[in-house]
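Student: Starting off with a structure, shown below.
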Ligand code: ATP
Ligand code: MG
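Numbering (the numbering used here), first residue to last: 1244 to 1807.
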């Protein structure tokens, strides 16, 4: 068995130094700074690993396509050269709007090489979310496909005067014509063909902007968090030690690059480590996912609780037909991971699912269950070495650290880790409000147990206040998920004239269960038995599906304000 990359957690914490971590990156030649794309791609070519596979792209309509680090270096060089020829300067922002295809990844890397800032738009967005993000981000260049352009961008183009250049990736599969480009758009294929295969990355200050990620918009308007090249230090360290990634690994991150996970851990971290990243262009489908894990011999798999719940809903059948001898580590992020899902990993793959916690703002994994430490089902794990976390309460402009374990408070991180966001673009005061007394305040409520493990309680804004008690929605959801009838659940506070709020829940039932009163009564009784009457849901509504953000997070605020 391959030993874990992080063997002694306590010792790693004691001896951690971000300076040492920084020194393990190559840096640009001749001390010209630090550039994420150099660390992710060119460095491996220089080190003699150009023939290793960087990416494997899978899709139903096209053949499996494998790209080596050398090919990726040449293609991203061409994009960088083409962007520079178009006048793109350091500090300019280049956006993509497309599905998970090679052109997205080479545009991201080419943009970073050119010293500009890259931002990915989720391809399922409609025109308004696209317009809002291009405007907030002051996009200068957008790379998209003709069909997405016509359906989603053409109607908003006039509202975006700063958007100078649209570049279209024509799709040979759908046979979209090369030479009939609309509205002065350029052809991606033509401009990169005209650019040379080599490109010298200009000197890059590690503190200069690199990536702009928008938050999921779970609690309100999405915020654009700006990250710098130095974030690579955290991407490498967490990829290696929290995800247990090594250069020889096949790795699959299921997140779309339209969200921070799909870039930090779908592109940057695996490539910096030198692994092979699988990219599936198709939507979720249980049979297909089990097939990929098995036939691509995935070693490390990073996914999300929503996906795990969907796999669980599909029953044990599809997994049982396949074998996964290569799979070594499974991790998840994005939402609370219930203990049943951790155990499902053991039943299905012989491996627990390791929860990790982080945010768009933190740029990388901050709290994790590590392969070598006890995986405590239901807990998010312990802070990554070098990360100082605390449970705090806001007291005006200062903070009170909550000492006693078992007491809930807001999760705070001592500021200064390399992948910390540097601003919210266009909203600097909102950025400043995230900090107090040298700490970054996450907006999440947590508890810390006597072993130093953190437990997610809920978002600060989602905490339910019922008859003088503070109830964390996830504590309710975790218990309701134990019931065999429950496929998905969300708990929230419903306004009440006497108790201020009562705990209410919406439940999605597993196939085979009917939305009838006997099931409802059974679930209410299960809640009361396991949680006690003060915390148990008083009302349960059955829904065919829960409302989700495009990135798969439950939109609690919609349920709170509905009449259900
Ligand atoms: P917005 O900030 O726009 O409301 P968002 O917070 O959902 O959206 P992201 O940055 O994508 O945007 O998500 C980070 C949040 O996701 C965390 O603050 C936390 O609430 C939740 N989250 C992430 N990982 C976990 C986890 N392991 N357990 C529980 N919650 C998690
Ligand atoms: Mg957030």
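C-beta atoms are modelled at their ideal positions from N, C-alpha and C, and glycine is treated no differently. Quick caveat, the model's predicted, so the values are computed rather than measured.
When the Cα of residue 1744 is compared with those of 1609, 1607, 1705, 1287, which residue comes out closest?
Tutor: Nearest option by C-alpha distance: 1705.
Student: May I ask which residues mark the beginning and end of the beta strand (DSSP E) holding residue 1654?
Tutor: Where residue 1654 is concerned, the enclosing beta strand (DSSP E) stretches over 1652-1657.
Student: Beta-carbon separation of residue 1783 and residue 1750 under 8 Å?
Tutor: Yes.
Student: DSSP state of residue 1670, grouped into three classes?
Tutor: Residue 1670 falls in the coil class under three-state DSSP.
Student: Would you mind stating whether residue 1366 and residue 1403 have Cβ atoms separated by less than 8 Å?
Tutor: Not closer than 8 Å, so no.
Student: May I have the straight-line CA-CA distance separating residue 1447 from residue 1381, to the nearest angstrom?
Tutor: Taking the straight line from one Cα to the other gives about 21 Å.
Student: Between residue 1677 and residue 1633, what straight-line distance do the alpha-carbon atoms span, to the nearest angstrom?
Tutor: If I take the Cα positions, the gap works out to 15 Å.
Student: Decide if residue 1775 is buried, meaning its Cβ has at least 16 other Cβ atoms within 10 Å, or exposed.
Tutor: It is exposed - the Cβ of residue 1775 has fewer than 16 other Cβ atoms within 10 Å.
Student: Assuming residue 1660 and residue 1629 form a contact by the criterion Cβ under 8 Å, report the distance between their Cβ atoms to the nearest whole angstrom.
Tutor: Yes, they are in contact, since the Cβ atoms of residue 1660 and residue 1629 sit about 7 Å apart, within 8 Å.
Student: Within 10 angstroms of its Cβ, does residue 1418 collect 16 or more other Cβ (buried), or is it exposed?
Tutor: At residue 1418, the pLDDT of 48 sits below 50, so the modelled position is not reliable; the number obtained from the coordinates is stated separately. Burial call: exposed.
Student: Alpha carbon to alpha carbon, how far is residue 1764 from residue 1352? Give it in angstroms, no decimals.
Tutor: If you take the alpha carbons of residue 1352 and residue 1764, they lie about 54 Å apart.
Student: If you reduce the DSSP assignment to three classes, tell me which class residue 1531 lands in.
Tutor: Helix at residue 1531.
Student: Give every residue of the same chain whose Cβ lies closer than 7 Å to the Cβ of residue 1715, excluding the five residues on either side of it in the sequence, and list them in chain order.
Tutor: The residues are 1651, 1688, 1700, 1701, 1706.
Student: Just to confirm, is the Cβ distance from residue 1582 to residue 1620 under 8 Å?
Tutor: Their beta carbons are under 8 Å apart, which means residue 1582 touches residue 1620 by this criterion.
Student: Considering only residues of the same chain and omitting the five flanking positions on each side of residue 1289, which have a CB-CB separation below 8 Å?
Tutor: Contacts found: 1269.
Student: Start and end of the alpha helix (DSSP H) containing residue 1340?
Tutor: Counting along the chain, residue 1340 falls outside any alpha helix (DSSP H), though it belongs to the beta strand (DSSP E) covering 1336-1340.
Student: Three or more C-beta pairs under 8 Å: does that hold for the region 1510-1518 against the region 1277-1291?
Tutor: At 8 Å Cβ cutoff, the stretches touch.
Student: Which same chain residues, not among the five before or five after residue 1792, have their C-beta less than 7 Å away from its C-beta?
Tutor: Cβ within range, chain order: 1459, 1460, 1461, 1798.
Student: According to the Cβ coordinates, are residue 1435 and residue 1250 closer than 8 Å?
Tutor: Not closer than 8 Å, so no.
Student: By the three-class DSSP mapping on this structure, what secondary structure does residue 1453 have?
Tutor: The answer is strand: DSSP assigns residue 1453 an E or B state.
Student: Could you pull out every residue in the same chain whose Cβ sits closer than 7 Å to the Cβ of residue 1548, ignoring the five residues on either side in sequence?
Tutor: These residues qualify, in order along the chain: 1575, 1577, 1578, 1579, 1580, 1584.
Student: Count the other CB atoms, across all protein chains shown, that sit within 10 Å of the CB of residue 1449; report buried if there are 16 or more and exposed otherwise.
Tutor: That one is buried.
Student: Within 10 angstroms of its Cβ, does residue 1376 collect 16 or more other Cβ (buried), or is it exposed?
Tutor: Flag for residue 1376 reads buried.
Student: Please report the Cβ distance between residue 1719 and residue 1780, rounded to the nearest whole angstrom; I am assuming they are in contact, meaning their Cβ atoms lie under 8 Å.
Tutor: Residue 1719 to residue 1780, Cβ: 6 Å. Contact.
Student: Taking the alpha-carbon of residue 1681 as reference, which of 1670, 1691, 1723, 1637 has the nearest alpha-carbon?
Tutor: Nearest C-alpha to residue 1681: 1637.
Student: Is it buried or exposed for residue 1451, if we count other Cβ within 10 angstroms and need 16 for buried?
Tutor: Result: buried.
Student: Out of curiosity, what's the CA-to-CA distance linking residue 1416 and residue 1305?
Tutor: A caution first: residue 1416 carries a pLDDT of 43, below 50, which makes its placement in the model unreliable, though a value can still be read off. Distance between the alpha carbons of residue 1416 and residue 1305: 8 Å.
Student: I'd like to check one pair, residue 1521 with residue 1545: are the Cβ atoms closer than 8 Å?
Tutor: Not a contact, by the Cβ cut-off of 8 Å.
Student: Tell me, please, whether the CB atom of residue 1755 is closer than 8 Å to any CB atom in chain C?
Tutor: Of the protein chains in this structure there is only one, and it is not chain C.
Student: Runs of 3 residues minimum, wholly inside the region 1340-1384: which ones carry the beta strand (DSSP E) assignment?
Tutor: Counting only runs of 3 or more, we get 1360-1364.
Student: In terms of residue numbering, what span does the beta strand (DSSP E) encompassing residue 1785 cover?
Tutor: Residue 1785 -> beta strand (DSSP E) spans 1782-1785.
Student: Where does the unbroken alpha helix (DSSP H) through residue 1252 begin, and where does it stop?
Tutor: Looking at the DSSP string, the run of the alpha helix (DSSP H) that includes residue 1252 is 1252-1258.
Student: With a floor of 3 residues, list each beta strand (DSSP E) that falls wholly inside the region 1590-1645, ordered by position along the chain.
Tutor: Runs of the beta strand (DSSP E) inside the region 1590-1645: 1596-1600, 1632-1638, 1641-1644.
Student: Where residue 1807 and residue 1762 are concerned, what is the direct C-alpha to C-alpha distance, given to the nearest angstrom?
Tutor: The predicted model places residue 1807 with a pLDDT of 43, which falls under 50 and marks its position as unreliable; any figure quoted below should be read in that light. Roughly 18 Å between the two C-alpha positions.
Student: To the nearest angstrom, report how far apart residue 1518 and residue 1400 are at their CA atoms.
Tutor: The straight-line gap from Cα to Cα measures roughly 39 Å.
Student: Answer yes or no: do residue 1570 and residue 1542 have a C-beta to C-beta separation smaller than 8 Å?
Tutor: Yes, Cβ-Cβ distance for residue 1570 and residue 1542 is below 8 Å.
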